[in-house]
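What follows is a set of notes on a single structure, which appears directly below.
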Amino acid sequence: MNQPSILELVSFGSEGWGKALLAGAWMTILIALAGYSIGAAIGAFGAGAKISGGRGARFVADAYTTVLRGIPDLLVIFLFYFGGSAVVTAAGRLLGADGFVGLPGFLAGSLAVGVTSGAQFTEVFRGAFKAVHPGEIEAAIACGMGRSLRFRHIIVPLTLRHALPGLGNIWQVVLKESALVSITGVAELLRQTQIAAGSTGLPFDFYLIAGGIYLVISTGSGIFLRRAEKHLTRGVRRA
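Taking our numbering, I'd label the letters of the sequence shown as residues -8 to 230.
Written as structure tokens, this is what we have:
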């Protein structure tokens, strides 16, 4: 029996795995987007605490970034999945449910990816805010801008302008971290690849295909981020 070609393996026919891999790639993007959004929200609060928070807030933010950057991402996913499942199971028993109740893998994975990336977001936002020239904020104050208006129209746009390269790097990291969520049983790209490789006995072929799909997603993301950076830095003289 002849070994099927790469095109046959990724076809959308009855013998191909194209639909499963495409569905897995879409799930990977969804997990990455969810984790990225959660991480950005956490990072905004963390950076705010480090920049203008009190001693207690700064201590919590420093501890958070130190701990999360020192723990393996896979361990964080395990903690969220099994710890969250334990909490859900306990809550279910209080409501009369019997047996183990697992936390949905997508939710556990997205939260874990968001919490781990939040530490990186915190430092990126903090560094970007520090890069904003004080004279620009002083000029806004001199023009009579209120604190809220100054934050929306001066601080946020300028901070994002400086943060965008770092935000792009975090996205690429989050995209790769999403592959770890496969341990929770979520049918993302790596999980679908494992199933396909086990079913066909062609692990090298399918992992090579998965690598190509990840590369396509990351390359497309890179193009989008470069265009966004170019748009946000229009009119700014480059060094």
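Using N, Cα and C, we set each Cβ at its ideal position, and we do this for glycine too.
Please read these numbers as outputs of a predicted model, since none were measured by experiment.
Counting of Cβ neighbours within 10 angstroms places Gly45 among the exposed residues, the total staying below 16. By the Cβ neighbour-count rule, Ser(-4) is exposed, with fewer than 16 other Cβ atoms within 10 Å of its own. If only complete runs of 4 or more residues are kept, the region 38 to 96 shows the alpha helix (DSSP H) at 46 to 61, 64 to 85, in order along the chain. Under the three-pair Cβ rule at 8 Å, the region 110 to 121 counts as touching the region 149 to 168.
Contact between Ser101 and Ala25 holds: CB atoms are separated by about 4 Å, below the 8 Å threshold. Ranking Ile22, Glu(-1), Val115, Val58 by CA distance to the CA of Ile42 puts Val115 first.
CA-CA distance, Phe71 to Leu223, rounds to 36 Å. Pairing Ile68 with Ala99, the inter-Cα distance amounts to about 7 Å. A straight line joining the alpha-carbon of Leu171 with that of Arg182 spans about 9 Å.
The criterion of a C-beta distance shorter than 9 Å is not satisfied by Val123 and Gly30. Cβ-Cβ distances below 6 Å link Ala16 to Leu180, Ile204 in the same chain, with the five nearest sequence neighbours on each side left out; the list follows chain order. Its Cα nearest to that of Leu0, the residue Leu193 stands out among Ile208, Leu193, Ile214. DSSP, read as helix, strand or coil, puts Met18 in helix.
In the three-state reduction of the DSSP assignment, Val104 falls in the helix class, which pools H, G and I. Take the alpha-carbon of Gly135 and the one of Leu155: they are about 28 Å apart. In the three-state reduction of the DSSP assignment, His124 falls in the coil class, being assigned neither a helical nor a strand state.
Taken through DSSP and simplified to helix, strand or coil, Thr224 comes out as coil. Collapsing the DSSP output to three states places Leu151 in a helix.
In the DSSP assignment, Thr175 falls outside any alpha helix (DSSP H), carrying neither H nor E.
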